[in-house]
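In this note's numbering, the protein residues as written are 98 to 325.
In structure tokens, the structure reads:
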């Protein structure tokens, strides 16, 4: 049985780039579904209506998230070594893939927290699923325990802070929340599949590892007798 190919930082950085593209696309589609002319403002809201009105949920923050996160990943040591020959003689300061991915996940949590805040808080926002998907993606991407525990703690703090009753919004449609929930489920399954370890039924068993070889040992001399 061939040994499992070890996962290199380049593999993780490339997988993160693909997953980040899908994550930003999910946020963008959900934001578009959220822009509904039938929106109704909750009468108990204590926040500025101009801030919470759906027309203020613009695409520019999503674009900035995409540009910022892609730039961080592309200047990581591993990905920079791929495209840097195109710009011979131009040197830039790079960072390790681990640091770049960590910063990308922090950006994701901050941006999702913003979306949750301006769309109803933790009680009614359709973006809530994305908040809890980010730490799970960190686990699937084999990030260190300190990293995904940090992301889990940040997600929990954001969730608790945005439980303020005055942030609740009346949701005229469940389409944004339904799309976000299903999309986050698909993204988690997809990430877990492409980063899956060796299945348990393909792992070598102790009997296989300790089974004696039936062939002649290299250390055993082969006696040769002259033909008569």
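Where is the CB? At the ideal position from N, CA and C, for every residue including glycine.
Practice task
Would you mind listing the alpha helix (DSSP H) stretches within the region 220-261 that are 4+ residues and don't spill past its ends, in chain order?
Solution key: 225-237 and 242-258
Exercise for the section: Please report how far the alpha carbon of residue 360 lies from the alpha carbon of residue 205, in whole angstroms. Expected result: Because the chain here runs from 98 to 325, residue 360 falls outside it and cannot be looked at.
Practice task
Just confirm the distance between the C-beta atoms of residue 214 and residue 259, as a whole number of angstroms; I'd bet it's less than 8 Å.
Solution key: The beta carbons of residue 214 and residue 259 sit about 6 Å from each other, so the pair counts as a contact at 8 Å.
Handout entry: Exposure of residue 120, with buried meaning 16 or more beta-carbon neighbours within 10 Å
Key = buried
Problem - Unbroken alpha helix (DSSP H) run spanning residue 267, endpoints - result: Counting along the chain, residue 267 falls outside any alpha helix (DSSP H), and DSSP gives it neither H nor E.
Practice task
Taking the CB atoms as reference points, tell me whether residue 248 and residue 233 lie closer together than 7 Å.
Solution key: no
Practice task
Mind checking who residue 192 pairs with in its DSSP beta bridge?
Solution key: 173
Practice task
Determine contact between the region 159-168 and the region 114-132, defined as no fewer than three beta-carbon pairs at a distance below 8 Å.
Solution key: yes
Practice task
Give a yes or no on whether 7 Å exceeds the smallest Cβ distance from residue 183 to chain D.
Solution key: This model lacks chain D altogether, as it is built from one protein chain only.
Problem - Between the CA atoms of residue 221 and residue 179 - distance to the nearest angstrom - result: 43 Å
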